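Numbering-wise (the numbering used here), the sequence shown opens with residue 931 and increments by one.
Glycine included, C-beta positions come from ideal geometry on N, C-alpha and C.
It should be emphasised that the depicted structure is a prediction, and the values quoted were computed from it without experimental measurement.
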Amino acid sequence: MAGVPVSDRPRFDTVRSIFEDGAVGRTVRLRGWVLRGRSSGGLLFLVVRDRTGSVQVTAKRDVLGTEPFERAAQLQLEGALQLEGTVATDPRAPGGREVRPTSITVIDVGAPYPIFHDQTEEFRLDKRHLVIRSQDHVATFRVKAELLAAFRRFLAAEDVLETTPPILTGIPAEGGAEAFQFDYFGRPGYLSQTAQLYLEALLVPNERVYALTPSFRAEKSRTPRHLTEYLHLEVELAWCDLDQLMDFMERMLIAAVTDVAKACPKELKQLGRAPDELERLAVPFSRITYQEALDRLKAKGFDLAWGADLRTAEEAALTMEERAPIFITHFPKELKAFYMLQTPTDARTVEAADLLAPEGYGEIIGASCRETDLARLTERLVSTGIDVAEYEWYLDLRRHGSVPHAGLGLGVERVLRWMLRREHIRETTPFPRTPSRHTP
Ligand code: ATP
Ligand code: MG
């Protein structure tokens, strides 16, 4: 349609408008894809989908004419078409309405569609570029878009500045173990595991900063909550202690989850989550220490020594009966990254808080106050086995106007997995990256 002025191009209606009050009897023009179809004799039943929904279309050979009817009858699942017709009531049609077309134009008749029920998960992952057209995926990625918008709204309202840290880096932010390394013109390069070190640099002039960027983890573990590429929402706040940080995380999560529940009730219900469960999360979230978590676990038959990490099974046990997220604080420092602030009253622990989602979903946010003491920071780098020389630029931040600060990292897909009750985290991202797959 190049060259045709926008005002002269044919206007198309949305499927949604067909279900508005007063639409019956109207002439509409639709374009979209075939979700289902069958023909019998001189009748063709199609369900046509556009971005706003789907509607039954009942075409008659008598009305379309034999040749156009035959062409339309060739349409495969996911074939593309446009049509003009009249909106009518039909109690048997989903939503009680259908469109009776006077003309159908085939845009792409489509090859036989290869996706149907009961195919193996491997096959479905091979065909992911087509599978993501499913109703559940469409709903999931709408909720994801809404969640990202909600986070951004909250952060703007809290006067936190969005920044753009790099993804290609010269040092692995948290030591080498889970970093993807590649050849950067003859030198080692790494895909960012976290933007945190850069956010700490951006912190000083701006005081409150965030980034919403992908993080990469060469996770060897195959679990239903680890991806090798995920979307990471990281916030860094000056003049912030652990209690203030937990208050902030709670406010942020409640704001985002409530907004999504209001904006996407239909999608949530479709995916098996009652929106009101998200709208009435009880606050404040409970806050227990690592030590208290060990005690609770002991009562449930897990006998963990002090210093043991809480893995998937332990996190699930701690949250299975919870209805709202819970904080676990004050972990042994050996379990956490080098930059976390040592607890003033206990040299064994750090000022850290993980937020665990309820119903067994486990960690969704990792947060901590950052170490400001240059000597202690250097010592922690050395004991972690990191080459201090490579982190000199980061240590500079402690030499020039270092102030108390704290930050958090939230896994967007982890939050969605919980909100949308998805068994596996890969269902929360269109093209999941896992140890066994980085295609399509
Ligand atoms: P875990 O113990 O579950 O591996 P972590 O301690 O490595 O998590 P952090 O380094 O604190 O996680 O990262 C911050 C947040 O990023 C986590 O709370 C989680 O929500 C998310 N996250 C971390 N690793 C992954 C991953 N491999 N896939 C998806 N999200 C992740
Ligand atoms: Mg990890």
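Residues bridged to residue 1275 [DSSP beta-bridge criterion]
Bridge partners of residue 1275: none, in fact.
Kindly list the residues whose CB is nearer than 6 Å to the CB of residue 1266, restricted to its own chain and excluding five residues on each side of it in sequence; keep chain order.
The residues are 1280, 1282.
Roughly how many whole angstroms lie between the Cα atoms of residue 1221 and residue 1236?
Their backbone Cα atoms lie some 8 Å apart in a straight line.
Reference residue 980, options 1001, 947, 988, closest by Cα:
Per the C-alpha coordinates, the member of 1001, 947, 988 positioned closest to residue 980 is 947.
Expressed to the nearest angstrom, what Euclidean distance is found between the alpha-carbon atoms of residue 1120 and residue 944?
Roughly 46 Å separates the two Cα atoms.
Look at residue 1352 and residue 1211 and say whether their C-beta atoms are less than 9 Å apart.
Not in contact: residue 1352 and residue 1211 (Cβ atoms no closer than 9 Å).
Please state the DSSP three-state secondary structure of residue 1104.
Residue 1104 carries a coil assignment under DSSP once its states are collapsed to helix, strand and coil.
Mark residue 1330 as exposed unless 16 or more other C-beta atoms lie within 10 angstroms of its C-beta, in which case mark it buried.
Using a 10 angstroms sphere on the CB of residue 1330, the tally of other CB atoms stays under 16, which defines it as exposed.
Can you find at least 3 beta carbon pairs, one from the stretch 1317-1324 and one from the stretch 1347-1364, that sit closer than 8 Å?
Of all C-beta pairs linking the stretch 1317-1324 to the stretch 1347-1364, fewer than three are shorter than 8 Å, placing the two stretches out of contact.
Residue 1006 and residue 959 - do their beta-carbons sit closer together than 9 Å?
No, Cβ-Cβ distance for residue 959 and residue 1006 is not below 9 Å.
Report the three-state DSSP secondary structure of residue 1026 (helix, strand or coil).
Three-state DSSP puts residue 1026 in a helix.
Quick one, which of 1310, 1300, 1008, 1083 has its alpha-carbon nearest residue 893's?
Since the displayed the chain opens at 931 and closes at 1370, residue 893 lies outside it and no answer follows.
Expected contact under 8 Å - CB spacing of residue 1257 and residue 1227 to nearest Å
The beta-carbon separation of residue 1257 and residue 1227, rounded to 16 Å, does not stay under the 8 Å limit for a contact.
Mind checking who residue 1048 pairs with in its DSSP beta bridge?
DSSP, once it has assigned bridges, lists no residue as partnering residue 1048.
Based on the DSSP output, what are the partners of residue 1295 in its beta bridges?
For residue 1295, which the question treats as bridged, DSSP gives the partners 1285, 1340.
With DSSP run on the structure shown, which of helix, strand or coil describes residue 1184?
Correct three-state label for residue 1184: helix.
Just to confirm the assignment, what range does the alpha helix (DSSP H) spanning residue 1246 have?
From DSSP, the alpha helix (DSSP H) with residue 1246 extends over 1242-1249.
Can you tell me the Cα-Cα spacing of residue 1051 and residue 1061, whole angstroms?
Those two C-alpha atoms are separated by around 11 Å.
Does at least one heavy atom of ligand 2 sit under 8 Å from the Cβ of residue 1162?
Checking every heavy atom of ligand 2 against the Cβ of residue 1162, none is found closer than 8 Å.
Distance cut-off 8 Å: residue 1149 Cβ against heavy atoms of ligand 2
Yes, ligand 2 has a heavy atom inside 8 Å of this Cβ.
How would you write the range of the alpha helix (DSSP H) that residue 996 sits in, first residue to last?
Where residue 996 is concerned, the enclosing alpha helix (DSSP H) stretches over 996-1003.
At what residues does the alpha helix (DSSP H) containing residue 975 begin and finish?
Residue 975 -> not in any alpha helix (DSSP H); beta strand (DSSP E) instead, spanning 973-980.
Which of helix, strand or coil does DSSP assign to residue 1166?
Note: residue 1166 maps to strand in three-state DSSP.
Which residue marks the beginning of the alpha helix (DSSP H) containing residue 1319, and which one marks its end?
Unbroken run through residue 1319: none, as it is neither H nor E.
Is there at least one non-hydrogen atom of ligand 1 closer than 8 Å to the beta-carbon of residue 1340?
When distances are taken from the beta-carbon of residue 1340 to the heavy atoms of ligand 1, the shortest one is below 8 Å.
Helix, strand or coil: which one does DSSP assign to residue 1071?
Residue 1071: helix per DSSP, three-state reduction.
Kindly examine ligand 1 and report whether one of its heavy atoms sits closer than 8 Å to the Cβ of residue 1156.
Yes, ligand 1 has a heavy atom inside 8 Å of this Cβ.
By how many angstroms is the C-alpha of residue 1001 removed from the C-alpha of residue 986?
Those two C-alpha atoms are separated by around 18 Å.
Could you check where the alpha helix (DSSP H) with residue 1308 kicks off and where it finishes?
Where residue 1308 is concerned, the enclosing alpha helix (DSSP H) stretches over 1304-1313.
Would residue 1177 count as contacting chain C if we go by Cβ distances under 9 Å?
Annotation note: the requested chain C is absent from the structure, which comprises a single protein chain.
Check whether the stretch 1023-1039 and the stretch 1333-1345 touch, using three or more Cβ-Cβ pairs below 8 Å as the test.
Fewer than three pairs of CB atoms, one per stretch, sit closer than 8 Å, so the stretch 1023-1039 makes no contact with the stretch 1333-1345.
For residue 1264, count the other beta carbons within 10 Å of its own beta carbon; 16 or more makes it buried, fewer makes it exposed. Which is it?
Result: exposed.
Rounding to the nearest angstrom, what Cα-Cα distance links residue 1311 and residue 1106 in this structure?
Distance between the alpha carbons of residue 1311 and residue 1106 is about 12 Å.
Distance between residue 1349 and residue 1203 (C-alpha atoms, nearest Å):
For the pair residue 1203 and residue 1349, the Cα-to-Cα distance works out to about 7 Å.
Hey, how far is the Cα of residue 963 from the Cα of residue 1111?
When rounded, the distance between both Cα atoms is 42 Å.
Verify whether the separation of the beta carbon atoms of residue 1323 and residue 1131 is less than 9 Å.
Going by beta carbons, residue 1323 and residue 1131 fall inside the 9 Å limit.
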